[in-house]
Structure formats: C-alpha cells, structure tokens
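Number of protein chains: 2
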Amino acid sequence: MFSKACEYGLRAATYIAMQSLDGRRVSLKEIADKIDSPIAFTAKILQLLSKNNIVESVKGAYGGFEISRTQMDKLKLSAIVDAIDGDTIYAGCGLGLKECNADKPCPVHSKFVDIRNDLREMLENTSLYEMTAGLEVGLTFLKR
Amino acid sequence: MFSKACEYGLRAATYIAMQSLDGRRVSLKEIADKIDSPIAFTAKILQLLSKNNIVESVKGAYGGFEISRTQMDKLKLSAIVDAIDGDTIYAGCGLGLKECNADKPCPVHSKFVDIRNDLREMLENTSLYEMTAGLEVGLTFLKR
DNA sequence: TTCTAATAGGATAATTTTGTCCGATTTAAG
DNA sequence: CTTAAATCGGACAAAATTATCCTATTAGAA
Ligand code: FES
Ligand code: FES
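So the sequences go chain by chain: A and B. For the first sequence, the positions run 7 to 150 when the working numbering is used. For the second sequence, the positions run 7 to 150 when the working numbering is used.
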C-alpha cells in the first residue's frame with residue numbers, strides 16, 4: 007500500500023507526537039528503537055519530514071525531534087504520505103495505466119475510485135494527535 | 007497498490023478473456039502490444055498465470071493463450087492478485103508492522119481494515135467476464 | 001520429415017527501493 | 001575553549017523489482 011519509507015515516516019511521526027505530548031524531545035536513536043526501523047534510513051526520512059515542516063528538528067547536543075501540540079492537531083496523515091510517497095496513491099490507476107482518467111477509464115476504474123477515495127478521506131481526516139490516543143494507554147502499538 | 011507484475015497480469019488476463027469471447031486465441035506478442043507492456047516480462051507473468059490455471063497456454067505454431075467461457079465467469083480478480091502478489095494486500099499492516107493483527111493493532115488498524123476489506127470484496131466479487139464488458143464497446147480501456 | 005511460429009525457462013541486466021557509512025555541522029554543558 | 005551528543009547530507013552498498021536475451025521445446029502445416 008505505502009512504501010517502506012512512508013510506513014516508517016508514519017510510525018516515526020506518531021511516536022514523536024506521542025512523546026511531544028509529554029514535552030519530551032526524542033532522538034533519532036530512540037525513535038528507530040521504539041518503532042523498530044533501520045536507524046540510518048529513518049534519519050533520511052526524518053530529514054524529509056523536517057524539510058516539509060511536518061516535524062521540527064533541533065541539532066546539537068540535547069537535540070532531537072518534536073512536534074508542537076497545535077501542529078499535531080492540524081497535521082493529517084495525508085501530509086506525511088504526500089511528502090514521502092507523493093500523489094501516486096490518489097493519481098495512480100489500479101491497473102497501472104499512466105494516470106487514472108475518468109474519460110478513458112480502465113475496467114476497474116469505477117469500483118477502484120470509491121476505495122481510493124475512502125482511503126484518501128481516511129488519511130485527510132486522521133490527525134497525528136488522534137494517532138497517539140490509543141498508544142498511551144497500550145491499546146495500539148508501533149512495534150511488536 | 008499492486009506491483010507492476012500484477013497490473014500487467016490483470017490487464018493481460020482481461021485482454022485474453024475478451025478475445026476468448028470471440029473464440030480467438032492470442033499470442034504473447036499481441037497481448038503485450040494491446041496492453042502496452044514489456045513483452046518478455048509479460049511472458050514471465052503469463053507463465054505464472056498458466057501454472058496457476060488462470061489462463062490456458064498452448065505451445066507450438068498457432069499456439070497462444072486463452073480462457074474458457076466458464077472459467078472467466080468463475081475467475082475473480084482476487085485469484086490473479088493472489089497468484090502474483092500473494093496475500094500482502096490482505097495480510098499487510100497499513101503502518102508496516104510484520105502482519106496486521108487485531109490483538110495488537112497499530113493506530114490505523116480499525117480504519118484501515120475497513121478500506122482493505124472493501125478492496126478485498128471488490129477483487130473477490132469482480133469476475134474476468136465482467137472486466138470485458140465495457141472493453142468491447144469502447145467504454146473502458148487497457149491502454150492509452 | 002522439415003520448417004516455422006509459438007510458449008517455457010534459465011541466465012543476466014537495469015532500475016528502483018531500501019539500507020549503511022562517514023565526515024561536517026550544530027549546540028549545550030563543563 | 002573543549003568536548004560530547006546530536007542532526008545533516010553526500011556517497012555508497014545491498015536487495016528487490018522490473019526488464020531483456022537466448023536457447024530449448026512444442027506442435028501445426030506444407
Ligand atoms: S483509470 Fe484505472 S483506476 Fe481510474
Ligand atoms: S495492525 Fe496495522 S493495519 Fe492491522
């Protein structure tokens with residue numbers, strides 16, 4: 007569904023948000039450990055999220071990553087997916103035609119757009135703050 | 007969403023089904039041309055579909071690929087996706103945890119399963135025969 | 001029987017994605 | 001000022017996916 011990079015990005019942002027709620031800035035090392043991701047690869051993804059103003063990065067000693075309380079309310083999952091995977095999910099045709107195009111649709115188009123729209127709506131309506139809700143009380147997990 | 011291989015497989019099977027409706031057995035070359043796919047790669051995919059009894063292959067001169075009328079009614083898109091991409095779509099977690107597991111769900115699990123189930127149902131309920139309907143009358147396309 | 005056109009299948013190559021390494025830079029503490 | 005801990009960023013490496021090439025095999029037709 008999403009690329010590995012995007013999956014790591016979603017998990018990382020969620021973990022940062024959760025810790026930011028407690029006022030804790032977190033390091034790359036801690037993030038990679040808590041979401042079970044390759045550390046150097048995760049660094050690249052966090053750089054990208056930082057450039058897209060999705061997470062805030064602080065360099066130097068005692069630095070790390072954080073997300074402000076107001077940001078994690080406004081920030082939807084779609085922003086993260088857009089930043090990492092681009093619009094392939096929304097624009098791509100289910101059968102792999104160059105782009106999805108209702109004027110010259112592929113045979114699954116009408117059924118596929120419904121599913122894709124549901125996915126899009128879910129991503130656009132789910133905030134990072136919501137993502138943290140179950141995590142804190144141990145109902146949901148970012149690693150097993 | 008699907009791998010390139012799977013997209014080619016779905017398009018190829020659909021084209022074969024459509025031609026089989028007219029009693030025409032089609033060659034690899036024709037298929038690749040009509041669905042705009044790399045010929046040798048498409049050959050691999052058709053081998054796989056043939057081994058999984060999704061298409062029938064006939065070797066030698068005047069050979070090619072075909073799908074019987076009864077088969078294209080029974081055959082659902084899910085069979086093709088299963089054969090090529092396996093169960094990653096159904097079993098995979100939206101955030102990339104090892105497997106999707108309701109007992110230790112990720113933060114998007116509850117929302118994600120609904121979308122994934124819709125996709126699964128669509129694939130399981132759409133027959134290859136249905137796929138050919140719009141194609142013959144020029145309402146849908148396998149290439150642009 | 002021989003020729004020809006087709007799929008089968010193994011080996012290999014190119015590309016993309018994923019992942020690692022290392023030095024540069026930044027920043028706070030001592 | 002020096003040191004230590006952290007991100008940044010470029011180069012590189014590994015793995016997976018996509019794509020190509022070539023030979024073997026098959027089977028119909030002349
Ligand atoms: S054209 Fe294929 S999904 Fe829209
Ligand atoms: S556990 Fe993540 S989608 Fe089910």
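Ideal Cβ placement from N, Cα and C applies to all residues, glycine included.
Checklist entry - Which residues, in chain order, sit with a beta-carbon under 7 Å away from any heavy atom of ligand 2? => result Residues with a Cβ closer than 7 Å to any heavy atom of ligand 2, in chain order: Cys99/B, Gly100/B, Leu101/B, Leu103/B, Cys106/B, Asn107/B, Ala108/B, Pro111/B, Cys112/B, Val114/B, His115/B, Phe118/B and Val119/B.
Item to check | N- and C-terminal bounds of the beta strand (DSSP E) containing Gly70/A | outcome: Gly70 to Glu72
Item to check | Euclidean distance between Cα positions of Ser84/B and Tyr68/A | outcome: 51 Å
Item to check | Rounded C-alpha distance that separates Asp79/A from Asp91/B | outcome: In this model, Asp79/A and Asp91/B are separated by some 36 Å (Cα to Cα).
Next on the checklist: Using 8 Å for Cβ pairs, my map puts Arg150/A next to Lys110/B. What's the rounded Cβ distance?
Outcome noted: 5 Å
Item to check | Contact belief for Ile37/A with Thr48/A at Cβ below 8 Å, rounded distance in angstroms | outcome: 6 Å
Next on the checklist: Between the stretch 11 to 25 of chain B and the stretch 100 to 114 of chain A, can you find at least three pairs of beta-carbon atoms closer than 8 Å?
Outcome noted: yes
Checklist entry - Where in the stretch 24 to 54 of chain A do unbroken runs of the beta strand (DSSP E), each at least 3 residues long, occur, reported from the N-terminal end onward? => result none
Item to check | Contact set between Thr20/B and chain A, taken where Cβ atoms lie within less than 7 Å | outcome: For the C-beta of Thr20/B, the chain A residues within less than 7 Å are, from N- to C-terminus, Pro113.
Checklist entry - For Lys104/A, which residues does DSSP report across the bridge? => result Looking at the DSSP assignment, Lys104/A forms no beta bridge with any residue, so it has no partner.
Next on the checklist: In the DSSP assignment, the beta strand (DSSP E) including Ser63/B goes from what residue to what residue?
Outcome noted: Glu62 to Val64
Checklist entry - Going along chain A, which residues have a C-beta under 9 Å from Glu13/B? => result Cys99, Gly100, Leu101, Gly102 and Leu103
Next on the checklist: Please confirm whether Arg75/B has its beta-carbon closer than 8 Å to some beta-carbon of chain A.
Outcome noted: Under the 8 Å criterion on CB atoms, Arg75/B is classed as non-interfacial with respect to chain A.
Next on the checklist: Here's a check: name, in chain order, each residue in its chain whose Cβ is nearer than 7 Å to the Cβ of Cys112/B, leaving out the five neighbours to either side.
Outcome noted: Cys99, Gly100, Leu101 and Leu103
Item to check | Any chain A beta carbon closer than 8 Å to Gly29/B | outcome: Among the CB atoms of chain A, none fall inside 8 Å of the CB of Gly29/B.
Next on the checklist: Please state whether the Cβ-Cβ distance between Met7/A and Met128/B is less than 8 Å.
Outcome noted: no
Next on the checklist: Given this structure, state the Cα-to-Cα distance separating Val87/B from Met137/B, to the nearest angstrom.
Outcome noted: Cα to Cα, Val87/B sits roughly 15 Å from Met137/B.
Checklist entry - For Gly70/B, does the count of other Cβ atoms within 10 angstroms reach 16, so buried, or fall short, so exposed? => result buried
Item to check | Length of the line joining the Cα atoms of Cys106/B and Val143/A | outcome: 20 Å
Next on the checklist: Please confirm whether Met78/A has its beta-carbon closer than 8 Å to some beta-carbon of chain B.
Outcome noted: no
Next on the checklist: Tell me which residues of the stretch 39 to 61 of chain B have at least one Cβ-Cβ distance to chain A shorter than 8 Å, keeping chain order.
Outcome noted: none
Checklist entry - Does the beta carbon of Leu190/A come closer than 8 Å to any beta carbon on chain B? => result Outside the displayed span of chain A (7 to 150) sits residue 190/A, for which this structure offers no information.
Next on the checklist: Is there a C-beta anywhere in chain A that falls below 8 Å from the one on Ile121/B?
Outcome noted: Using a CB distance cut-off of 8 Å, Ile121/B counts as an interface residue toward chain A.
Checklist entry - How far does the alpha helix (DSSP H) with Asp93/B in it reach, from first residue to last? => result Neither: Asp93/B is in no alpha helix (DSSP H) and is coded neither H nor E.
Checklist entry - Taking Cβ to Cβ, would you say Thr132/A is nearer than 8 Å to His115/B? => result No, the pair does not count as a contact, with Cβ atoms beyond the cut-off.
Item to check | Cβ neighbours of Ser33/B in the same chain (closer than 7 Å, five flanking residues each side left out) | outcome: Excluding positions up to five away in sequence, the list reads Gly70.
Next on the checklist: Counting only beta-carbon separations shorter than 8 Å, does Phe147/A have a partner in chain B?
Outcome noted: So, interface residue.
Checklist entry - With a cut-off of 8 Å, does the C-beta of Lys117/A fall near any C-beta of chain B? => result yes
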